[in-house]
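Here is the structure we will look at, set down as structure tokens.
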Ligand SMILES: Cc1cc2nc3c(=O)[nH]c(=O)nc-3n(C[C@H](O)[C@H](O)[C@H](O)COP(=O)(O)O)c2cc1C
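In this note's numbering, the protein residues as written are 1 to 155.
In structure tokens form, the structure reads like this:
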């Protein structure tokens, strides 16, 4: 099985989790590729102005874990635009994780996961696990481990 971890990360938090996820997944899976969505220019641009510098395709993967930050109580707009532009996900299984600052799911965590879920379902993917990591929470290390374990278990 070919596994892809595809993340957008503005300030590296999500990317840090993705690297740890990749490291741990490689103990149980042969091929685990980590790819990072990047944009041209500075962050904070409106959706209509965003252009991608790196826009990973899904063809190489059977199963994909998408990761992104919560921004303004929503899925980061870069990730939303990237995922909306992807083609059919029929036959693929997907999982999600988001990182966010505030330690409450209702400040955008659940909504961001639901947004990823909705986009992927509309493209025919089968949706598996998801997790939310609160960056400023004192239990971040434990939560990160739990989310990573849950995602690995679902693969
Ligand atoms: C523009 C912007 C908006 C943000 N909005 C939220 C928010 O609504 N809720 C929240 O919990 N964290 C918010 N954050 C914090 C990020 O979600 C958090 O720091 C995340 O871990 C950053 O991930 P990254 O380093 O991969 O970009 C925001 C950060 C930025 C830069």
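Just so you know, even glycine gets a beta-carbon here, dropped at the ideal spot from N, CA and C. Values in this document were obtained by computation on a predicted structure and should not be read as measured data.
Beta-bridge pairing by DSSP links residue 68 to 98. With at least 16 other beta carbons inside 10 angstroms of its own, residue 14 counts as buried. Under the three-state reduction of DSSP, residue 86 is assigned to coil, being neither helix nor strand. Counting the other CB atoms within 10 Å of its CB gives residue 66 a total of 16 or more, which places it among the buried residues.
No Cβ-Cβ contact shorter than 8 Å links residue 113 with residue 120. Taken from the Cβ of residue 108, at least one heavy atom of ligand 1 lies inside 7 Å.
The beta carbons of residue 53 and residue 92 sit no closer together than 8 Å. In this structure, 106 is the residue among 20, 44 and 106 with its C-alpha nearest to the C-alpha of residue 132.
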